[in-house]
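Encoded as C-alpha cells, the structure appears first; notes follow it.
2 protein chains.
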Amino acid sequence: MYPIETLQSKIQQAFRDLILPDRPAELYDPIRYTLDLGGKRLRPFLVLASCDMFGGKIEDAVHPALGIELFHNFTLLHDDLMDQAPLRRGKETVYKKWNSNIAILAGDTIFALANREILKTNIEAVQGISDLFNITAIEVCEGQQLDMNFELRKEVTLPEYIEMIRLKTAVLLAASLKIGAMIAGASEEKSKAIYDFGISTGIGFQIMDDLLDVYGTEEKFGKKPGGDILAAKKTYLYLKALQLSDRNDAARLVSVYESGELPAVEKIETVRALFNRVQIEDITRNEIDTYWKNAVRIIHSLKLPENQILPLMEYCSKLMERDY
Amino acid sequence: MYPIETLQSKIQQAFRDLILPDRPAELYDPIRYTLDLGGKRLRPFLVLASCDMFGGKIEDAVHPALGIELFHNFTLLHDDLMDQAPLRRGKETVYKKWNSNIAILAGDTIFALANREILKTNIEAVQGISDLFNITAIEVCEGQQLDMNFELRKEVTLPEYIEMIRLKTAVLLAASLKIGAMIAGASEEKSKAIYDFGISTGIGFQIMDDLLDVYGTEEKFGKKPGGDILAAKKTYLYLKALQLSDRNDAARLVSVYESGELPAVEKIETVRALFNRVQIEDITRNEIDTYWKNAVRIIHSLKLPENQILPLMEYCSKLMERDY
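Respectively, the protein sequence lines represent chains E and B.
With my numbering, letter number 130 in the first sequence gets 130, and the count goes up by one each step, no holes.
With my numbering, letter number 144 in the second sequence gets 144, and the count goes up by one each step, no holes.
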C-alpha cells in the first residue's frame, strides 16, 4: 500500500503535468486561477486510495483522479456564480474577478477537460467509469437544483435534506471510490460496497460541515463559522432543532433565522442558544457517528487485510474525527 | 446505403427513446423544453451518414449521434444566456422563460447526458470518440470565447474570423463525421479526410449563414434577415467589405454599422448598399464555392463508389445550394 503522502504527491504531480493552452487567455486564465486555488484534493485521493486498496495500478488511476478533481472545481465555479458567492478559499470567485459569461464558459471547458482525463485509463474500465462519472455529474446537478429549491421553500423535511446532500456531496465521494475500484478490476459487489461506504461517509462529512459552521473554530473549519446561520441555510442542525424544539422555541428559531433584523454576532448567538436548548451538538455528533459506524461496518464487510484498508481509513477517520 | 429519410427517422426515434427523469422538475422541464424546440438535426445526420458510408453499423452510431445533438443543444442553451438572446426558433430561450441559474444547470446536465450517449457504442471506438468529442467541446468553447472577444474588439482580421467560425461551428460538424467514421472502423487516413471535409463544409456553411442574413429571404433563412447588421456582428461580409472598400466607404461602413442611430430598416439598407458597391454578394458566393469545391475534392479522394457517398453528398450539397 502506498502511504497517504505518496498518493497526495502523485495528485500534485498530475496537476503540475496538466498542460493547458495559453489562448484564448480570457478562457484559460480563469481556468488556471481556479485550479491554482488548491484545496484538500480529497476526491482524487479517494480514487487513488481505493484503486490501491483493491490492488490496481496507481498509474491507471492518476488521470481519472485528476478528472474527478477538475469536475469538482467545475461545480464550484458554476455554483459560486449561481449562489453569487464573492469568495472561494479567501479569493475572489471567477464571476466576480472576471464576469458571469467567463465563469460559465470556463466551467464548461473544465467539465470537458475532466471528461478527457477520465478516459485515460485501461481500456476495460473506460466505458464503465466514464458512464458512472457522467451519471454522477447529473446527480450533482440535481443536488444543486434541490439546494436552490430549498432556499425558496418554507419547509424542508430532514429526509429531503439528506437526499439533497447525498446528491450534492456524497455521490461524488462515492463515485471517486468506485472508480478507483473499477480501475483495479474489483468485483461488482466490492465496487458497490465501496460506493456505499462513500455515501455514508459523504453524508456524515456534510453533516460535520454543518456542525462546524455552528460549533467549530475558524482554525478547524477553514472559514469563519456562522456563515450558514447568517445565510439562513436549512442545515441538518436547523432542521433537527426545529423538529425537537417546543412550539414557542421553534417559532422563535424560524423568525430569528429567516429575518435579517439582528446584527450578525447577535443572530449567531441567539440561534446557538436555541440550538443548545435541544442539545443539538450532541445529537448531531451522534448522527455523524451513526453514518461513520455504518461506513466502517461496510469496509470491514470487504474482509480485506487490515494493512490494505489502512491509508483510506486513516485519512477518512481523521476527516471525521473518529476512530474506526 | 440508407436513404436520407431513413437516417433522419432513426434520429427522431432516438430522441423519442431518450428517457429523462421527471424530478427535480425545475431541472428537467427546461431540458425537455430545449430538446423539443427541434431543429434540422444536421449533426446527428452527419454521424449516421458517415458511419453508413464507411460500412459501419448504424445501431452503433445512433446513441453517439444523439449525444452530439444533445451537446449542440447544450451550447445553444449556454450561448443564448451569454449572448442574452431572448428567442430561439421563435420561442423564449431558457434563461428568459426560467432564469439564468436554471439555464446554467440545465445546460450542464445536458452536457453530461451527451457524454453518456457518446459512450453507447462498440468498445473499440469508445475511448477515441469520447476523447474527440470532448476535445471538440473545448474547441467550441474557445470559439465562443473568441466570438465574445470580437464583440469588444475594434478590428478583427479575416483569418481571425475564419479561425473563430472554424472553432465555433466547423469542428463540431467535422467531429460528427469523424465519429461516424471511427465507429465504422475506418482508417485514420480516411477518418482524417472526412474530418477535413467537415471543416471545409462547416466554414462554407457559416459563411452562407452570414450571406443569407444580408441577401436571403425570411422563408429561406428561417429567421428575419438583417439580424447580424442590427447587432453589428463582425461577419465575413462585413470584414471583407471593409477590406475592399475605399477609405471613405470603409469609414462610412464602420460608422453606420457600429452606431445605433439609424432606424433598423434604414441601417440594413445603407449597409447593404455599401456591401453592393464592392460586389460583396458575388465575392461571398465565390468564397463559399471555394470551400465547397475543396470539400468535394476531399470526398472524391476517398475513392468510394458513387452510390456510397450519395446520401451525405446529396444532403450537404442541398445545404450549400451547390452541385458536386
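Each residue gets a CB set at the ideal place from its N, CA and C atoms; glycine is no exception.
Under 8 Å Cβ to Cβ from B:Leu76, same chain only, skipping five residues before and after it: list those, please. Mapped onto the second sequence, residue 76 of chain B falls at position 76. For B:Leu76, where only same-chain residues beyond five positions count, the Cβ hits under 8 Å are Thr34 and Arg88.
Among the candidates E:Ile183, E:Glu155, E:Ala103 and E:Asp79, whose CA atom is the shortest distance from the CA of E:Val62? To locate residue 62 of chain E, count along the first sequence from 1; it is residue 62. E:Val62 has its Cα closest to that of E:Ile183, out of E:Ile183, E:Glu155, E:Ala103 and E:Asp79.
Just list the residues that DSSP pairs B:Arg88 with in beta bridges. Translated into the one-based positions of the second sequence, residue 88 of chain B becomes position 88. B:Arg88 pairs with B:Lys91.
Beta-carbon proximity list for B:Leu37, same chain, < 7 Å, skipping 5 on both sides: For the purposes of this step, residue 37 of chain B is taken as the residue at position 37 of the second sequence. So the qualifying residues of the chain are Arg88, Arg89 and Lys91.
Assuming contact is defined by CB atoms lying nearer than 7 Å, are B:Asp52 and B:Tyr2 in contact in what I supplied? The sequence position of residue 52 of chain B within the second sequence is 52, counting from 1. The sequence position of residue 2 of chain B within the second sequence is 2, counting from 1. Cβ distance < 7 Å, so B:Asp52 and B:Tyr2 count as in contact.
How is B:Trp159 classed by DSSP in three states: helix, strand or coil? Position 159 of the second sequence, counted from the start, is the residue given in the question as residue 159 of chain B. Reading the sequence as shown, one finds Pro at residue 159 of chain B and not Trp. In the structure shown, B:Pro159 sits in a helix (DSSP, three-state: H, G or I).
Around the C-beta of E:Asp79, are 16 or more other C-beta atoms found within 10 angstroms, so that it is buried, or is it exposed? Your numbering for residue 79 of chain E matches position 79 in the first sequence. Burial call: buried.
The stretch 171-185 of chain B touching the stretch 133-150 of chain B, judged by at least three CB pairs closer than 8 Å: yes
Would you verify that the beta carbon of B:Pro3 is, or is not, closer than 7 Å to some beta carbon of chain C? Absent from the structure: chain C. Protein chains present are E and B.
Following a CB-centred definition, is E:Leu172 positioned closer than 6 Å to any heavy atom of the ligand ZN? With respect to small molecules bound, the structure shown includes none, and the ligand ZN cannot be examined in it.
List the residues of chain B that E:Val62 touches, going by C-beta distances under 7 Å, in chain order. Position 62 of the first sequence, counted from the first residue, corresponds to residue 62 of chain E. By Cβ distance, chain B contributes nothing, its closest Cβ being about 16 Å from E:Val62, past 7 Å.
Return yes when the Cβ of E:Phe74 is within less than 7 Å of the Cβ of E:Phe111, no when it is not. Within the first sequence, the letter at position 111 stands for residue 111 of chain E. Within the first sequence, the letter at position 74 stands for residue 74 of chain E. For E:Phe111 and E:Phe74, yes; Cβs fall inside 7 Å.
Looking at B:Gly202 and B:Met320, is the spacing between their C-beta atoms short of 7 Å? Working through the second sequence from its first residue, we reach residue 320 of chain B at position 320. Working through the second sequence from its first residue, we reach residue 202 of chain B at position 202. Cβ atoms of B:Met320 and B:Gly202: not closer than 7 Å.
Would you mind giving the Cβ-Cβ distance between B:Arg43 and B:Ser176, rounded to the nearest angstrom? I have them listed as a contact below 8 Å. Taking the second sequence and counting its residues from 1, the one referred to as residue 43 of chain B is at position 43. Taking the second sequence and counting its residues from 1, the one referred to as residue 176 of chain B is at position 176. B:Arg43 to B:Ser176, Cβ: 5 Å. Contact.
In angstroms with no decimal places, state the Cα-to-Cα distance between E:Leu158 and B:Met313. Numbered from 1 along the first sequence, position 158 holds the residue referred to as residue 158 of chain E. Numbered from 1 along the second sequence, position 313 holds the residue referred to as residue 313 of chain B. Looking at the two C-alpha atoms, the distance is approximately 59 Å.
If we define contact as Cβ-Cβ less than 7 Å, is E:Glu188 a contact residue for chain B? Reading the first sequence from its first residue, position 188 is the one you call residue 188 of chain E. It does not; no Cβ of chain B falls within 7 Å.
Closer than 8 Å is the cut-off here; do at least three beta carbon pairs connect the stretch 160-169 of chain E with the stretch 103-121 of chain E? no
Secondary structure of E:Pro21, DSSP reduced to three states: Your numbering for residue 21 of chain E matches position 21 in the first sequence. Coil, per DSSP.
Just the chain B side, please: which residues come within less than 7 Å of E:Met148 by C-beta, in chain order? Indexing the first sequence from 1 puts residue 148 of chain E at position 148. By Cβ distance, chain B contributes Asn101.
For B:Tyr238, collect the residues of the same chain with a Cβ closer than 7 Å to its Cβ; drop the 5 residues on either side in sequence, then sort them by chain order. Residue 238 of chain B sits at position 238 when you count from the first residue of the second sequence. Answer for B:Tyr238: Tyr257, listed in chain order.
What ranges does the alpha helix (DSSP H) occupy inside the stretch 94-149 of chain E, keeping only unbroken runs of at least 4 residues that lie completely in it? 94-97 and 100-118
Quick one: does B:Arg116 have its CB under 7 Å from some CB of chain E? The residue given as residue 116 of chain B occupies position 116 in the second sequence. Taking Cβ atoms only, chain E reaches closer than 7 Å to B:Arg116, which makes this a yes.
Would you mind reading off the limits of the alpha helix (DSSP H) that contains E:Leu46? Within the first sequence, the letter at position 46 stands for residue 46 of chain E. First-last of the alpha helix (DSSP H) with E:Leu46: Leu42 to Met53.
Whose C-beta lies closer than 8 Å to the C-beta of B:Leu105 among residues of the same chain, with five residues either side of it excluded? Position 105 of the second sequence, counting from 1, holds the residue named residue 105 of chain B. So the list reads Leu27, once near-sequence residues are dropped.
8 Å CB neighbourhood of B:Gly128 in its chain, flanking five on each side removed: Stepping through the second sequence from its first residue, residue 128 of chain B is reached at position 128. So the qualifying residues of the chain are Met182.
Between the CA atoms of B:Ala85 and B:Gly227 - distance to the nearest angstrom: Indexing the second sequence from 1 puts residue 227 of chain B at position 227. Indexing the second sequence from 1 puts residue 85 of chain B at position 85. Rounded to whole angstroms, B:Gly227 to B:Ala85 spans 12 Å at the Cα level.
With E:Asp131 and B:Leu119 assumed to form a contact (beta carbons below 8 Å), what rounded beta-carbon distance in angstroms separates them? Locating residue 131 of chain E in the first sequence gives position 131, where the first residue counts as 1. Locating residue 119 of chain B in the second sequence gives position 119, where the first residue counts as 1. E:Asp131 to B:Leu119, Cβ: 5 Å. Contact.
Would you check if there are 3 or more beta carbon pairs closer than 8 Å linking the stretch 281-298 of chain B to the stretch 205-221 of chain B? yes
State the Cα-Cα distance for the pair B:Arg39 and B:Leu146, rounded to the nearest angstrom. One-based indexing of the second sequence puts residue 39 of chain B at position 39. One-based indexing of the second sequence puts residue 146 of chain B at position 146. Here the sequence assigns Gly to residue 39 of chain B, which means Arg is not the residue at that position. Taking the straight line from one Cα to the other gives about 25 Å.
With DSSP as the reference, label B:Glu59 as helix, strand or coil. Mapped onto the second sequence, residue 59 of chain B falls at position 59. Note: B:Glu59 maps to helix in three-state DSSP.
Nearest candidate by alpha-carbon position, reference E:Arg16, set E:Leu66, E:Ile299 and E:Pro305: What you label residue 16 of chain E is simply residue 16 of the first sequence in a count that begins at 1. The candidate whose alpha carbon is nearest that of E:Arg16 is E:Leu66.
Within a Cβ cutoff of 8 Å, which residues of the same chain sit near E:Leu48, ignoring the five residues on either side of it in sequence? Within the first sequence, numbered from 1, the residue matching residue 48 of chain E stands at position 48. Around E:Leu48: Tyr2, Leu7, Lys10, Ile11, Ile58, Ala61, Val62, Ala65 and Gly180.
Using a beta-carbon distance below 7 Å, is E:Ser130 in contact with chain B? Position 130 of the first sequence holds residue 130 of chain E. Chain B contact via Cβ: present.
Given that a residue counts as buried once 16 or more other Cβ atoms are within 10 Å of its Cβ, and exposed if not, what is B:Lys220? Taking the second sequence and counting its residues from 1, one reaches residue 220 of chain B at position 220. The residue is exposed, with fewer than 16 neighbouring Cβ atoms inside 10 Å.
Leaving out the 5 sequence neighbours to the left and right, which residues in its chain are closer than 7 Å to B:His72 when beta-carbon positions are compared? Counting from 1 along the second sequence, the entry for residue 72 of chain B is found at position 72. Arg43 and Leu172.
Give the DSSP-derived three-state secondary structure of E:Val278 in the structure shown. The sequence position of residue 278 of chain E within the first sequence is 278, counting from 1. Note: E:Val278 maps to coil in three-state DSSP.
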